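> So for the sequence shown, our numbering puts the first residue at 1; every next one is plus one.
Ideal Cβ positions, reconstructed from N, Cα and C, are used throughout, including at glycine.
All values reported here derive from a predicted model rather than from experimental measurement.
The structure under discussion is supplied below as structure tokens; questions concerning it will follow.
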Amino acid sequence: MSDQVPTFPQQGGAPGGVPPGGDNFQGQQGYAEGQAGFTGDQSTLPVLREQDRLLPIANISRIMKRAIPENGKMAKDSKECMQECCTEFIGFITSEASDRCTQEKRKTINGEDILWAMQSLGFDQYIEPLKMYLQAYRESIKGDRGLEAPNAPAAIMGADGQQQWQQQQVTYMSGGVAPVGGYQQ
1 MSDQVPTFPQ QGGAPGGVPP GGDNFQGQQG YAEGQAGFTG DQSTLPVLRE QDRLLPIANI
61 SRIMKRAIPE NGKMAKDSKE CMQECCTEFI GFITSEASDR CTQEKRKTIN GEDILWAMQS
121 LGFDQYIEPL KMYLQAYRES IKGDRGLEAP NAPAAIMGAD GQQQWQQQQV TYMSGGVAPV
181 GGYQQ
């Protein structure tokens, strides 16, 4: 008998594949290994519902709405598709960063690990803006220990950083091409 854990073909367009019978990820090796106290008996793994595995759709919708004109509309299936894509992307980057931490015998993924993972996976165009954001965020945390950490680039990056961040968002949201109709945020 093979030591490999079975993988499931993609069904219904879901990235990463969905096992037959729904959203139960008991057969996937990555999930099993990540569980505290996993003994190798896959029958003891909890069943994950789809809503527990995906990012909240309200958050995805809010981000999408910022990228379209005020009178623009989004179909439900476009939100669901983006929800799947974002969840898969975060898992993809995190997995690569986790592999680096494992090789270096560390347990905590930090910002540099995420940047390294993105670069190693070919997302070079995002490295510089993310480095700027990470640096500014860390400086803001050092200076404002008693205050809440800011959650917007404008609050921590200053005018130059904010302008570059906005340009990066426009480029990203438009798929690397200038927005149609001159719409900008």
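Nearest-angstrom Cα distance between residue 68 and residue 74?
Position 68 of the sequence shown, counted from the start, is the residue given in the question as residue 68. Position 74 of the sequence shown, counted from the start, is the residue given in the question as residue 74. If I take the Cα positions, the gap works out to 9 Å.
> Would you report the Cα separation of residue 51 and residue 83, rounded to the nearest angstrom?
Reading the sequence shown from its first residue, position 51 is the one you call residue 51. Reading the sequence shown from its first residue, position 83 is the one you call residue 83. When rounded, the distance between both Cα atoms is 10 Å.
> Note down, in chain order, each residue of its chain lying with its Cβ closer than 8 Å to the Cβ of residue 64, except the 5 sequence neighbours on either side.
Stepping through the sequence shown from its first residue, residue 64 is reached at position 64. Excluding sequence neighbours, residue 64 sits near 74, 78, 79 and 82.
> Can you give me the C-alpha to C-alpha distance between residue 104 and residue 57, rounded to a whole angstrom?
Position 104 of the sequence shown, counted from the first residue, corresponds to residue 104. Position 57 of the sequence shown, counted from the first residue, corresponds to residue 57. Cα-Cα distance, rounded: 35 Å.
> Given a cut-off of 7 Å on the beta-carbon distance, is the pair residue 60 and residue 86 in contact?
Within the sequence shown, the letter at position 60 stands for residue 60. Within the sequence shown, the letter at position 86 stands for residue 86. Contact flag set, yes.
> Can the beta-carbon of residue 55 be found closer than 7 Å to that of residue 96?
Stepping through the sequence shown from its first residue, residue 55 is reached at position 55. Stepping through the sequence shown from its first residue, residue 96 is reached at position 96. Their beta carbons are not under 7 Å apart, which means residue 55 does not touch residue 96 by this criterion.
> Quick one: grab the DSSP three-state call for residue 129.
As a first step, residue 129 must be located in the sequence shown, where it is residue number 129. Helix at residue 129.
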